[in-house]
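Everything below concerns the one structure shown next.
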Amino acid sequence: MRAYGSDRVRPGHGESISIHCRRTKGWNARVPRTMTSAEYPGTAVLWEDRYYEVLVEEPLPDGGWRYVLEPWPDSHVMRVSDAYDEASESRREAEHRAALVREKGRRTANLLGVFTGHLPAVVQQQLASELGIMPARLTLLSLTLPVLAIVLTLQWLVRSILERSAGPPLWLLILCVYLALETVIRFHVVWSQSRPIGSAAGLLVYSIGYALGLRHTGAVSPTAVERGTSTFTLPPDEATVVRDAVATRSAFMTLLSAAEQRVLAQRYGFDYRADATTVAAIILVFAVIGVVSSAAKLSDGGGITALLSLLLAAALTLEQLVRLPALRRGPAGSFMAFLVRPFVRKLLR
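In the working numbering, the protein residues as written are 5 to 353.
Written as structure tokens, this is what we have:
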């Protein structure tokens, strides 16, 4: 009998034949009859126009596998069959090489999970399908970077307050607040729903790469939807669109002037009391932090940037101290309204 590849064939007792190979072929050995179960035949192997049954499958002490085959008995029904020829062995070798490539890619993807977990969810799903990994694990690994950045910034802030030295700039504090909110949301999604979710930074970087040339390599679009997860929906009517726009912008609308808030209340039922106090309190907290850090920086010899940061933070602090009592009587605007008006211009027309 002819052996294929690096296999070796040895005659056994009677008509049995032993095949020694480096890797398993996936054949199943015969399961003998017991007091509670019937005999289950092994894999039927077609070898040179004759079927053989796999009697024994065992690993060898020095590596490799040993299969013992004998001619297929006519009393058994073939349930699992395979072929032993040059084509099948070439296929097994190709599958083995592909498995090694997938394993290497899987390990690399897991090691780089702190970065790949920031990619859009559909990209993480594609990596998981190609490499056989859990996409939710990539997202969990990626949470370590923003958490580390938040911890280091807070340490810097506390040390600067205790040592009366220059603290982190206001923009870094605002960035850390955003990262904290995003990290909490991403952790909630991956922990409660076991599905991946990207970050804003990962979406931005991947979108730039996709626009610059990744789309020509067959990469998935950052706006694509995973096959089988999209749902058919009818477009909402105009009233629903307006109601949703008011609901999603209501917190920012509390920064508009009192007259503008009254117009929104008359037209769309906007109620400033739902979010105004919370928004003002959040602005006050971070404005006070900005005053403390900017003052520490100025005392340490900071320049014009520290002075401007101090003035801005102080203005925000004073404004919120005035607005919080005023909100008990009615809507109160903020000088930051100019940042909100571009997003609600259509509602104010």
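Built from N, CA and C at the ideal position, the CB exists for glycine as well. Keep in mind the model is a prediction, meaning the values are calculated, not measured.
* For S164, which three-state DSSP category applies? -> Residue state, collapsed to three classes: helix.
* To do: Assign L315 to one of two classes, buried (16 or more other C-beta atoms within 10 Å of its C-beta) or exposed (fewer than that).
  => It counts as exposed.
* Mind pulling the alpha helix (DSSP H) runs of 4 or more residues that sit fully within the segment 219 to 273? -> The DSSP assignment places complete alpha helix (DSSP H) segments of no fewer than 4 residues inside the segment 219 to 273 at 242 to 257 and 262 to 272, in order along the chain.
* Exposure of E257, with buried meaning 16 or more beta-carbon neighbours within 10 Å -> It should be noted that the sequence gives Met, not Glu, for residue 257. Answer is buried; the Cβ neighbour count reaches 16.
* How is the alpha helix (DSSP H) around W195 delimited, first residue to last? -> Its alpha helix (DSSP H) spans residues L174 to Q197.
* At which residue ranges does the segment 20 to 107 contain complete beta strand (DSSP E) runs of 3 or more residues, listed in the order of the chain? -> Here the runs fully enclosed are 21 to 25, 48 to 51, 54 to 63, 69 to 75 and 85 to 87.
* To do: List the whole-angstrom C-beta distance separating Q324 from G202, where the pair is believed to meet the contact cut-off of C-beta under 8 Å.
  => The C-beta separation of Q324 from G202 comes to about 34 Å, leaving the pair out of contact by the 8 Å criterion.
* **Whole-Å CB distance - R96 paired with E52, under 8 Å assumed** => Going by Cβ atoms, the distance from R96 to E52 rounds to 18 Å, so no, they are not a contact pair.
* **Local conformation of P329 per DSSP, three classes** => Of the three classes helix, strand and coil, the one that applies to P329 here is helix, per DSSP.
* Asked: Under three-state DSSP, which class holds P139?
  -> Reduced to three states, the DSSP call for P139 is helix.
* Asked: So Y276 and Q265 are in contact, right, with Cβ under 8 Å, and what is the actual spacing, rounded?
  -> The beta carbons of Y276 and Q265 sit about 5 Å from each other, so the pair counts as a contact at 8 Å.
* Asked: Alpha carbon to alpha carbon, how far is G30 from S20?
  -> Going by C-alpha positions, G30 is about 19 Å away from S20.
* Nearest to S254 by alpha carbon, out of L351, G67, S198 and A184? -> Distances from the CA of S254 to each of L351, G67, S198 and A184 were compared; the closest alpha carbon is that of L351.
* **Span of the beta strand (DSSP E) around R14** => Secondary structure note for R14: its beta strand (DSSP E) is the uninterrupted segment R12 to P15.
* Asked: In three-state DSSP terms, what is L147?
  -> Residue state, collapsed to three classes: coil.
* Asked: On the premise that A33 lies in contact with E74, defined as a C-beta separation below 8 Å, what is that separation, rounded to the nearest angstrom?
  -> Between E74 and A33, the beta carbon gap of about 12 Å keeps them out of contact (Cβ cut-off 8 Å).
* 7 Å CB neighbourhood of D383 in its chain, flanking five on each side removed -> Past the edges of the chain, shown from 5 to 353, lies residue 383, and the structure says nothing about it.
* Would you call the CB atoms of A262 and G334 closer than 8 Å? -> Yes, these two residues count as a Cβ contact at 8 Å.
* Select from Q197, D11 and W195 the residue whose C-alpha is nearest the C-alpha of G67. => Of the candidates Q197, D11 and W195, the one whose C-alpha sits nearest the C-alpha of G67 is D11.
* Could you check which residue in I189, I286, V250 and T282 has the C-alpha nearest to that of A269? => Taking only the C-alpha atoms, the option nearest A269 is V250.
* **CB contact flag (E57, P36, <8 Å)** => For E57 and P36, no; Cβs fall outside 8 Å.
* L314 in three-state terms, based on DSSP -> Per DSSP, reduced to three states, the secondary structure at L314 is helical.
* To do: Hey, could you find the ends of the alpha helix (DSSP H) L216 is sitting in?
  => Residues A204 to L216.
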